[in-house]
Amino acid sequence: MMDLLFGHKDKIQRIFSDVLGLHQIHHMSVISIDSHARILIISSTPSMEFNLFSRNLWEYDLTYNPAWYQRCEQASWQSLYHPARYEELYYLRQVRHELPVGTSIAEQAQEGGYFIYSLGSNNTCMQVQSQFAHEKEFLCKIGQHCSSLLAPLFYDYKQ
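Below, the structure is given as structure tokens:
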């Protein structure tokens, strides 16, 4: 997973540059979870995911819990943090990377498994908060756009 996070930085940054800055989006990650629960992550902020996994905090982030992502819902980052590690997760994802507003959206992938689109903003204005909370279809389309461009990387790592 670490090679995928850091190994194709230029290509990944070019793809995410299509959406970063639009509609106050300052972080984007696309998470692929296959039918065997194998997780692949491509992120505009790879250090966030690296720290999440190297510190085993991902186990306390419901984003990666099948009980959440199999429902194909949208949720704010804060609502997905387990209370036992809430402060650490909040600091890692939102304070350290200056992303006070964040949301995750899960959807079923065409080939089975799931995609999770995680988006963050460094802007806390009401318009951004409303967009991140209520515009699931719009944000999902942004995630789908990125995942389609990233598909060759996901495919290479699933082999």
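As numbered in the numbering used here, the sequence shown has no gaps in its residue numbers, which increase by one up to the final residue, 154. All C-beta atoms in this analysis are idealised placements derived from N, C-alpha and C, irrespective of residue type, glycine included.
What are the start and end residues of the beta strand (DSSP E) that includes residue i?
i	result
Ile37	Ile34 to Ser38
Ser113	Tyr109 to Ser116
When the Cα of residue i is compared with those of the options, which residue comes out closest?
i	options	result
Ala101	Lys136, Thr119 and Tyr81	Lys136
Gln124	Ala104, Ser71 and Cys141	Ser71
His3	Thr98, Leu52, His21 and Pro41	Pro41
Glu106	Ala146, His77 and Glu82	Ala146
Asp28	Leu17, Gln8, Phe11 and Asn60	The identity of residue 28 in the sequence shown is Ile, whereas the question assumes Asp. Taking only the C-alpha atoms, the option nearest Ile28 is Asn60.
Ala32	Gly108, Arg66 and Thr119	Gly108
Leu17	His129, Leu144, Leu148 and Leu114	Leu114
Asp5	Ile26, Gln19, Ser38 and Ile34	Ser38
Asn118	Gly97, Arg50, Ala104 and Gln73	Gly97
Under a three-way DSSP split, which group does residue i fall into?
i	result
Ile20	coil
Ser143	helix
Gln103	strand
Please classify residue i: is it buried, with 16 or more other beta-carbons within 10 angstroms of its beta-carbon, or exposed?
i	result
Thr58	buried
Met23	buried
Glu68	exposed
Val141	Reading off the sequence, residue 141 comes out as Cys, not Val. Classification for Cys141: buried.
His21	buried
Ser30	exposed
Gln126	buried
Arg9	exposed
Asp13	exposed
Phe149	buried
Could you check whether the Cβ of residue i sits closer than 7 Å to any heavy atom belonging to the ligand GDP?
i	result
Gln103	In the structure on display, the ligand GDP does not appear, and there are no ligands present to speak of.
Can you give me the start and stop residues for the alpha helix (DSSP H) that residue i sits inside?
i	result
Asp5	Lys4 to Phe11
Val158	Because the chain spans -4 through 154 in this model, residue 158 falls outside it and cannot be assessed.
Taking the runs of the beta strand (DSSP E) that are 3 residues or longer, which of them lie wholly in the segment 42 to 96?
Entirely contained in the segment 42 to 96, the beta strand (DSSP E) runs reaching 3 residues are, in chain order, 69 to 71.
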